[in-house]
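Engineer: With this note's numbering applied, the sequence shown has no gaps in its numbers, which climb one by one up to 322 at the end.
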Amino acid sequence: MLLNSIKTVGRSDLVSMGPVRLRQPIPTQEIDQIDPFVLLHHYGPYEINELNNPFDLGPHPHRGFEPITFLIQGEQLHRDSLGNESIVKGGDVQWTTAGRGIIHAEGPTKEFVERGGILEGIQLWLNLPAEKKMMTANYQHVKEEDFNKIISEDSKTSIKVIAGQLNEVKGKIETQSPVNAFMIDMEQGGNYTFEVPESHQSLVYLLDGEVLVNEEVILEKGQNQLTRFNQDGNGFSIS
Numbered sequence: 084m085l086l087n088s089i090k091t092v093g094r095s096d097l098v099s100m101g102p103v104r105l106r107q108p109i110p111t112q113e114i115d116q117i118d119p120f121v122l123l124h125h126y127g128p129y130e131i132n133e134l135n136n137p138f139d140l141g142p143h144p145h146r147g148f149e150p151i152t153f154l155i156q157g158e159q160l161h162r163d164s165l166g167n168e169s170i171v172k173g174g175d176v177q178w179t180t181a182g183r184g185i186i187h188a189e190g191p192t193k194e195f196v197e198r199g200g201i202l203e204g205i206q207l208w209l210n211l212p213a214e215k216k217m218m219t220a221n222y223q224h225v226k227e228e229d230f231n232k233i234i235s236e237d238s239k240t241s242i243k244v245i246a247g248q249l250n251e252v253k254g255k256i257e258t259q260s261p262v263n264a265f266m267i268d269m270e271q272g273g274n275y276t277f278e279v280p281e282s283h284q285s286l287v288y289l290l291d292g293e294v295l296v297n298e299e300v301i302l303e304k305g306q307n308q309l310t311r312f313n314q315d316g317n318g319f320s321i322s
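1) I'd like to know whether the C-beta atoms of Glu227 and Gly166 end up nearer to each other than 9 Å.
2) Please give me, in chain order, every unbroken run of the beta strand (DSSP E) with length at least 3 that falls completely inside the segment 175 to 219.
3) Counting beta carbon pairs with one atom in the segment 111 to 120 and one in the segment 272 to 282, are three or more of them shorter than 8 Å?
4) Determine the direct distance from the alpha carbon of Ile321 to that of Asp268, and round the result to whole angstroms.
5) Identify, in the order they occur along the chain, each residue of the same chain with its Cβ nearer than 7 Å to the Cβ of Leu160, setting aside the five sequence neighbours on each side.
6) Going by beta carbon distance, what residues of the same chain come within less than 6 Å of Gly182, once the five residues before and after it are set aside?
7) Ile155 and Leu286: beta carbons closer than 9 Å?
8) From this set, Phe138, Lys90, Gly316 and Gly273, which residue's C-alpha is nearest Glu203's C-alpha?
9) So the beta strand (DSSP E) Ser169 belongs to, where does it begin and stop?
10) Would DSSP call Glu228 helix, strand or coil?
11) Mapping the DSSP letters down to three states, classify Gly254 as helix, strand or coil.
12) Determine, for Pro110, whether the minimum Cβ-Cβ distance to residues of chain D falls below 9 Å.
13) Exposed or buried, which one is Leu249 when buried takes at least 16 other CB atoms within 10 Å?
14) I'd like the ranges of any beta strand (DSSP E) spanning at least 3 consecutive residues and lying wholly in the segment 95 to 128.
15) Would you kindly check if the distance between the Cβ of Ala264 and the Cβ of Gly254 is under 9 Å?
16) From the DSSP output, in three-state form, read off Lys239 for me.
17) Give, in chain order, every unbroken run of the beta strand (DSSP E) that is at least 3 residues long and sits entirely within the segment 288 to 322.
18) So, do the segment 196 to 211 and the segment 232 to 250 have three or more beta carbon pairs nearer to each other than 8 Å?
19) So, under 8 Å CB-CB, Gln308 and Arg94 are touching, yes? Tell me the CB distance rounded to an integer number of Å.
20) Just tell me which of Asp163, Val98 and Phe195 has its CA closest to the CA of Leu134.
21) Could you pull the start and end residues of the beta strand (DSSP E) that Arg146 belongs to?
22) Taking the C-alpha atoms as reference points, what is the distance between Leu85 and Pro119?
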């Protein structure tokens, strides 16, 4: 396999969203918006309790793109103008296709705030193809236990297939454009090579720990770095 060469390794900007400070690896001065990736926010880990609950977002509209939440830790309540109401827990994914328009509200559940805990997640905005920007809005919530997973032969790498396909294992999310999305847990000594179509834009974001990309670039712990690849191969490796 010919690995995609690395185009850019960028650090996240610290930005404010109301009272909340979060990390923003897309867009930054180093890495601009990369179609179809419009924005990437990493929020938390926040200590949430009755005296500290800044991440409670009231009703607000979206249109023409897909706001997606990968909840890492915690518990959030989602409500929207389609009538959906769901409790999203750590490991779950909620995938909203805003289309012609949707209003939603989200924030830690009342029970989670009362007992206290850590809230952390990723929000990714995906652009919709021009011909689908006015489609009917849709909401998908898939629980952690319902995702298909790939476990490496040495059991050191676990890959949750969110959307698209990897090694004939399919994701549970129905997408409006060809998108592959994976969440990866890797122990020390693990390694895995991901095959991706040459036409795809490929990104790797490090949540925690330290990894080696393509056996040449180290993403360092605490730096919240994002790697963007050139479209000159058909995969990349992580170890």
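In this text, a Cβ means the ideal position worked out from N, Cα and C, and glycines have one as well.
Structural biologist: Well, looking at it:
1) no
2) 176 to 180, 185 to 191 and 200 to 210
3) no
4) 11 Å
5) Ile170, Glu189, Gly190 and Thr192
6) Met218, Thr219 and Ala220
7) no
8) Phe138
9) Glu168 to Lys172
10) helix
11) coil
12) Although the question refers to chain D, the structure presented lacks it and comprises just one protein chain.
13) buried
14) 96 to 100 and 103 to 109
15) yes
16) coil
17) 294 to 296, 300 to 302, 308 to 312 and 318 to 321
18) no
19) 6 Å
20) Phe195
21) Neither: Arg146 is in no beta strand (DSSP E) and is coded neither H nor E.
22) 24 Å
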